[in-house]
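Report on one structure; see the data block that follows.
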Ligand code: NAI
Ligand code: SF4
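In our numbering, the protein residues as written are 56 to 496.
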């Protein structure tokens, strides 16, 4: 709480434009980084402990070090701006309000990785942000931060913006790469990881927007100083997009030492539950991560305070914990129906499955059908166990994580809210009334 590294200047009037951004200290990290050896930049990022902010939390410095060798082979940096995880809108906020921060981070990262052609792959629905980014890129180029021989270092770099066409799966890094190459966005089997065989079979690093923006404070402060913010392996700050039944939905920057309870109830952040209701549950990291009932949200199963960081949110594994994920924080109040909510998510994943592997293609369809039938009062008690079996058969048996992402919400909903599923089966007429609440405190 308190520390702002990414959004500190986001509300300065005119910060979207180059002149104000530069006058507020923008592009200092490029000046500093381009005097360093690329390997030393990678080392700073390693020391910072910065973890991938797209959802997986993989250490960014380690990922960068995978493509450091062999020298001389063309390689690419790709910024994943295909933010499509339901409940996640932090990258949109960052790109919309302070686009030069991303461009600055991209230039530093491109230099560190030796990428002369860097791509921003942005979700098609963010059409207006394409214009914002292209303007920022043009301004950076006019001022000598992009193009040929940047700052007389001999380093050339161009940044290209590529729009997606509306498929959630293109946020998965290998599907993104396929799409960038002009093909259908079908995920590839990993390994080989993109670090070995990425865009046009060249070594490629794919990083999320927020991760790349965070490279700017890492270089400005130095990796060790950055690592002092936060706690444990949750270093630095994290953007959280908060939504659902809260008083103050929005994008917040936290330093990962704040408790979940404080984040929800403090006026600085979510401002409490809307309309004076009680909280029922929360999905803390975007729709793919397990839902947590209120009794496991503020305290872990061990009775310890739960904090807004990678370790604490996943404490207890999937049995009693969840994940930080992408930081898409969705709060559900006592009136929300978990079955309806789970059905909505199942529809989404069925629609977005690319269909390559049968457990995902068929399983997501079956889960949607069964959930619809339970939700509309036509379900049987045995359907709940059938749902459980189907999600288990999807998890871990697919090419990409979309299969897991479809299975986990169903598993967590049954694990924590089985009584609500049974209530639907036992009350086929009443379950059509959405305004009911079951106690989970
Ligand atoms: P992952 O864990 O498979 O990979 C993480 C990163 O580390 C990848 O870039 C991968 O290439 C790299 N990596 C891992 N092991 C490696 C190795 N041995 N050698 C080289 N590189 C290696 O996870 P993935 O598929 O990148 O992301 C899944 C997450 O994305 C989910 O947990 C979910 O939270 C999140 N997500 C976020 C969305 C958003 O809109 N922000 C949308 C959908 C999912
Ligand atoms: Fe496609 Fe689903 Fe298989 Fe991923 S898990 S490759 S989305 S079918």
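Glycine included, every Cβ here is placed at the ideal spot set by N, Cα and C.
Values in this document were obtained by computation on a predicted structure and should not be read as measured data.
Judged by their CB atoms, residue 225 and residue 146 are not nearer to each other than the 8 Å cut-off.
If the five residues before and after residue 402 are omitted, its C-beta is found closer than 6 Å to the C-beta atoms of 423, all from its own chain and listed in chain order. For residue 217, the secondary structure class from DSSP, reduced to helix, strand or coil, is strand.
Around the beta carbon of residue 66, fewer than 16 other beta carbons sit within 10 angstroms, so the residue counts as exposed. At a cut-off of 4 residues, the continuous stretches assigned as alpha helix (DSSP H) that sit fully inside the region 395-433 are 413-430. The beta carbon of residue 138 sits closer than 7 Å to at least one heavy atom of ligand 1. Annotation for residue 225 indicates a beta carbon at 7 Å or more from all heavy atoms of ligand 2.
Between the region 253-262 and the region 328-337, the count of C-beta pairs closer than 8 Å stays below three; the two stretches do not touch. A residue is called buried once 16 or more other Cβ atoms fall within 10 Å of its Cβ, and residue 370 is buried on that count. Taking non-hydrogen atoms of ligand 1 into account, the C-beta of residue 456 is found less than 7 Å away from one of them. As computed with DSSP, residue 259 is found in a beta bridge with 131. Taking 7 Å as the cut-off, one finds no heavy atom of ligand 2 near enough to the beta carbon of residue 392. Pairing residue 294 with residue 322 gives a Cβ-Cβ distance that is not under 8 Å. The alpha-carbon of residue 117 is positioned some 18 Å away from that of residue 88.
A contact is defined here as three or more CB-CB pairs under 8 Å, and the region 86-103 meets this definition with respect to the region 267-276. If you draw a straight line from the Cα of residue 153 to the Cα of residue 447, it comes to about 42 Å.
Rounded to the nearest whole angstrom, the C-alpha separation of residue 348 and residue 471 is 7 Å. The alpha carbon of residue 170 has as its nearest neighbour, out of 187, 181, 202, the alpha carbon of 202. Assignment of residue 203 by DSSP, reduced to helix, strand and coil, places it in the strand class. Here the region 68-87 lies against the region 150-164, with 3 or more beta-carbon pairs under 8 Å apart.
Residue environment: residue 121 is assigned as exposed (fewer than 16 neighbouring CB atoms within 10 Å of its CB, all protein chains considered). In this structure, residue 416 has its beta carbon less than 7 Å from a heavy atom of ligand 2. Between residue 227 and residue 456, the beta carbon gap of about 7 Å places them in contact (Cβ cut-off 8 Å). Residue 229: member of the alpha helix (DSSP H) spanning 228-235, first to last residue. Taken from the Cβ of residue 228, at least one heavy atom of ligand 1 lies inside 7 Å. Per the coordinates, the alpha-carbon of residue 270 lies some 11 Å from the alpha-carbon of residue 101.
For residue 460 and residue 342, the gap between their C-alpha atoms comes out near 8 Å.
Nearest neighbour of residue 360 by Cα position, chosen from 427, 318, 236, turns out to be 318. In the DSSP assignment, residue 384 falls within the unbroken beta strand (DSSP E) covering 383-388.
In this chain, the alpha helix (DSSP H) harbouring residue 96 covers 93-103. The Cβ atoms of residue 387 and residue 299 lie closer than 8 Å to each other. If only uninterrupted beta strand (DSSP E) runs of at least 3 residues are considered, those enclosed by the region 272-348 are 293-299, 305-309, 334-338.
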